[in-house]
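Per the working numbering, the sequence shown starts with residue 28, numbered consecutively.
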Amino acid sequence: MYKIKEIFRSIQGEGYNIGKETVFVRFSGCNFWNGNINDRTNAICDFCDTDFKGVDGKNGGVYNLKELIEKIGIVWESSFTLQKKLVILTGGEPLLQVDENLVNSLKEKKFLVAVETNGSIESKIKFDWTCVSPKDPKRWLLRRGDELKIVYPQNKFNLHELISLDFKYFFLQPKYNHLKKLNVNKTIDYCKLNKPWFPSFQLHKTIGIM
Ligand code: SF4
């Protein structure tokens, strides 16, 4: 069974696939924060603003494989796009729950299957697109993929060393806290001087969509 916080259709607001219409499947739970606001200052991600706790979001619930595939199909069908079907498995930390059966079943339904993970769980599952956004160097196991995304500014990772890893694209994403504006400028300045880092802005937050 899969515990799902929410399933919704939107556009991908960040990273390489920005602008693409997508079904997002947000898995419940994360191994870097328990989701309680009162505990966030002590969590690895003290900036996290994602609600991944429980199963009470839009289309949330506890699903078996068949039910989940059907639901994702229904959510996509409400789209009129001609673009290839894209599903992004996210969280929380999706790799706490995602398995090969789910990914293969989605591919059989002609979905391109992308995952967004904090990289703390090794996986041999063949996704069509893997975005790794590590938050803790000591717990970072999945060190390859399509897209590496680092929240900026930060002092945990050596950005010069990271670009030798096996990723196609390298993104810096401004930290969205009370210094957001400053962080955006710092991110742009760093990327101007340090290729192949490229800024990734959270478009969905800027234009106010999910
Ligand atoms: S890994 Fe991602 S979802 Fe989990 S607490 Fe950190 S930022 Fe939030």
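Here a beta-carbon is modelled for each residue, glycine too, at the ideal position from N, C-alpha and C.
query	result
Own chain partners of LYS137 with C-beta closer than 7 Å, once the 5 adjacent residues on each side are dropped	LYS112
Coil, strand or helix - PRO164 by DSSP	helix
Which of helix, strand or coil DSSP assigns to LYS183	coil
Check: VAL33 C-beta below 7 Å from any heavy atom of the ligand SF4	One point to set straight first is that residue 33 is Glu, not Val, in the sequence displayed. No, since every heavy atom of the ligand SF4 falls outside the 7 Å radius drawn around the Cβ of GLU33.
Span separating the alpha-carbon of CYS75 from that of ARG67	8 Å
Secondary structure of TRP224, DSSP reduced to three states	strand
LYS162 CB to nearest heavy atom of the ligand SF4 below 7 Å	yes
Reduced DSSP secondary structure (H/G/I, E/B, other) of ILE115	strand
Range of the contiguous alpha helix (DSSP H) that encloses SER132	127-135
LYS98 vs GLU33 beta-carbon contact at 8 Å	no
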